[in-house]
Amino acid sequence: MDVGIVKNNNISVYLTLFGCLFFSYFISSIIPKGFFRLISLLPLFYYLAAVIHLPPVLVAAGSLILVISLVNYAAFEQRQRSSSAAESLKKSVNFGYVAVEILVSSVLICVLLCHQNEFHPKILLVIYGCLVLLGVDCLGTVSNLMLHFTVGLELESPSDRPYLSTSLQDFWGKRWNLTVTKNLWRTVYSPVKSASAAVVQGNKLLASLAAVTATFLVSGLFHELLLYFLTGGAKPTWEMTSFFLLHGFCVALEVAIKKKASNGRWETELPLWVSGPLTIGFVMLTSFWLFFPPLIRSGADKMVLEQLRTFAEFAGIQC
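In terms of the numbering used here, the sequence shown opens at residue 2 and continues consecutively.
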């Protein structure tokens, strides 16, 4: 991919993004929070059609997530307190972890760029899985640090070392993609739980299980939509949705077992050296089965690698 094309597309993406930011600020200043403000912000979703077809995919996908979060916050004024975000940043940033994440991610990317065609497909899946786990955490932490030291902004970290998760509930609720998790908690989990509680006559466990399942269903449908745009309108296979529904069922089962165990005073805690590998192993294996195949069939992995190669060449690194 030509470096000039990448540069021009980046400029187009970010000019449009800044326009969306100013539009959101203007709308939120003149229309009270709630449904009508949300309706007035819906034109921002035209932004998706503008950026999602522009390479690089990394920029488009990141901007997509940012705009969706922006609409949610601007419509309902559900912002995090700055003091809480600052405290979260200080707690979550461990420079030892960051250094290791950057080093391992850089090595894996270099290996992929230089020897991609030499690996067995299963080995490629393992490398992709490691890069996703490390990359989101690494990029989020580095971006927050840059904002903190350059303009003094304190943002909550989007993830918290997901590779250290000790359960699926820990992975999805406390470590992975926390920005989206909190949005889904407010917009899907809490309303569904309240509505379900009335249907199941106040049974908190059943209401929680219904809310967990609904939350993962919405997340799966969102990923299907994202994949639809990234692939230029390819017919959905519903593998992404199946991946999230499977994890939603497993998280709901885990919550139910823990609830029963705590009431019956069972001993449910596993040693970290057992629960950690089991959790990450399950996430990786199910992603190899349902998450990565539609991405690979669409050629999204090769597209991202090509863009990484272009960025490396732009930085003067030859692979």
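Glycine included, each C-beta is placed from N, C-alpha and C at the ideal position.
Is the distance from the Cβ of residue i to the Cβ of residue j below 8 angstroms?
i	j	result
P131	I103	The sequence shown places Cys at residue 131, rather than the Pro named in the question. No, Cβ-Cβ distance for C131 and I103 is not below 8 angstroms.
G141	P159	yes
Y98	I281	no
A257	L206	yes
T238	L222	no
F343	Y129	What is shown of the chain runs 2 to 320, which leaves residue 343 out entirely.
L146	V105	no
A212	V193	yes
L227	A301	no
G249	S166	no
L235	S299	Sequence inspection shows Ala at residue 235; the Leu mentioned does not correspond to that position. Closer than 8 angstroms, so yes.
I believe residue i touches residue j by the beta-carbon criterion, under 8 angstroms. Please report the beta-carbon distance rounded to the nearest angstrom.
i	j	result
F217	F172	Rounded, the Cβ-Cβ distance is 12 angstroms, inconsistent with contact.
V181	V219	Actually they do not touch by this definition, with Cβ atoms about 10 angstroms apart.
A253	T214	6 angstroms
E255	L169	6 angstroms
R310	L114	5 angstroms
Exposed or buried, residue i, counting other C-beta atoms within 10 Å across all chains shown (16 or more means buried)?
i	result
R176	buried
G233	exposed
N178	buried
V305	buried
S195	exposed
P295	buried
S197	buried
S191	exposed
L90	Model confidence at L90 stands at a pLDDT of 48, short of 50, so the residue's coordinates are unreliable and nothing is read from them.
Q79	Reliability fails at Q79, whose pLDDT of 49 lies under 50, so the model's placement of it is uncertain and the value that follows must be treated cautiously. Result: exposed.
K303	exposed
I6	Confidence in I6 is poor, its pLDDT being 49 and thus under 50, which makes the residue's placement unreliable; the coordinate value appears in the next sentence. Result: exposed.
R162	buried
L273	exposed
I110	buried
S107	exposed
V101	exposed
L271	exposed
N184	buried
V275	exposed
W267	At W267 the pLDDT is 49, less than 50, meaning the model places this residue with poor confidence and gives no usable figure here.
L209	Position check: residue 209 holds Ser in this sequence, whereas Leu was assumed. It counts as buried.
S83	Residue placement at S83 is flagged as unreliable, the pLDDT there being 45, under the threshold of 50; a coordinate-derived value is accordingly withheld.
From what residue to what residue does the alpha helix (DSSP H) around residue i run?
i	result
V193	S191 to V200
S220	K205 to L231
G282	L273 to T287
R176	Careful: R176 lies outside any alpha helix (DSSP H) and carries neither H nor E.
P294	F293 to R298
* Sequence ranges, alpha helix (DSSP H) only - wholly within the segment 88 to 142, length at least 4 -> 96 to 116
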